[in-house]
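Visitor: Dumping the structure here so I can ask a few things about it.
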Amino acid sequence: TIRCFSQLSLLTGQLGQLIRIDPFSVLPCELSLKVLAHLDATSLCRAAQVSKRWKALADDGDDLWRRIRKYYRAKCLKCGWDCL
Numbered sequence: 029t030i031r032c033f034s035q036l037s038l039l040t041g042q043l044g045q046l047i048r049i050d051p052f053s054v055l056p057c058e059l060s061l062k063v064l065a066h067l068d069a070t071s072l073c074r075a076a077q078v079s080k081r082w083k084a085l086a087d088d089g090d091d092l093w094r095r096i097r098k099y100y101r102a103k104c105l106k107c108g109w110d111c112l
């Protein structure tokens, strides 16, 4: 157990460094793209605004955008709209 303020302060500082690690900087590109594949179009666009690395991953994922376009095309055609 943590018994004093200095131990708590040290632990907080160490955890703070771990929290600031960009997960996509340590994951392989293929795994990062799999994570992004679970996002909808709005979330993917927001993720692309986080950093240059995230934008590059989002832009690189042709399959991501192809899947999103296919999904929204099906939704639009279902409603009678011609889009995308």
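Using our numbering, the first residue of the sequence shown is number 29, and each one after it goes up by one.
Here a beta-carbon is modelled for each residue, glycine too, at the ideal position from N, C-alpha and C.
Under three-state DSSP, which class holds residue 65?
Guide: Coil.
Visitor: Compute the Euclidean distance between the alpha carbons of residue 91 and residue 49, then round it to the nearest angstrom.
Guide: 26 Å
Visitor: Using a Cβ-Cβ cut-off of 8 Å (strictly less than) and excluding sequence neighbours within five positions of residue 38, which residues of its own chain qualify?
Guide: There are no such residues.
Visitor: Can you tell me whether residue 78 is helix, strand or coil according to DSSP?
Guide: coil
Visitor: Buried or exposed for residue 80, please, with buried defined as at least 16 other CB atoms from any protein chain shown within 10 angstroms of its CB.
Guide: exposed
Visitor: In angstroms with no decimal places, state the Cα-to-Cα distance between residue 93 and residue 54.
Guide: 23 Å
Visitor: Of the residues 77, 68 and 75, which one's Cα is nearest the Cα of residue 98?
Guide: 68
Visitor: Please name the residue, chosen from 36, 83 and 72, that lies closest to residue 96 on a Cα-to-Cα basis.
Guide: 72
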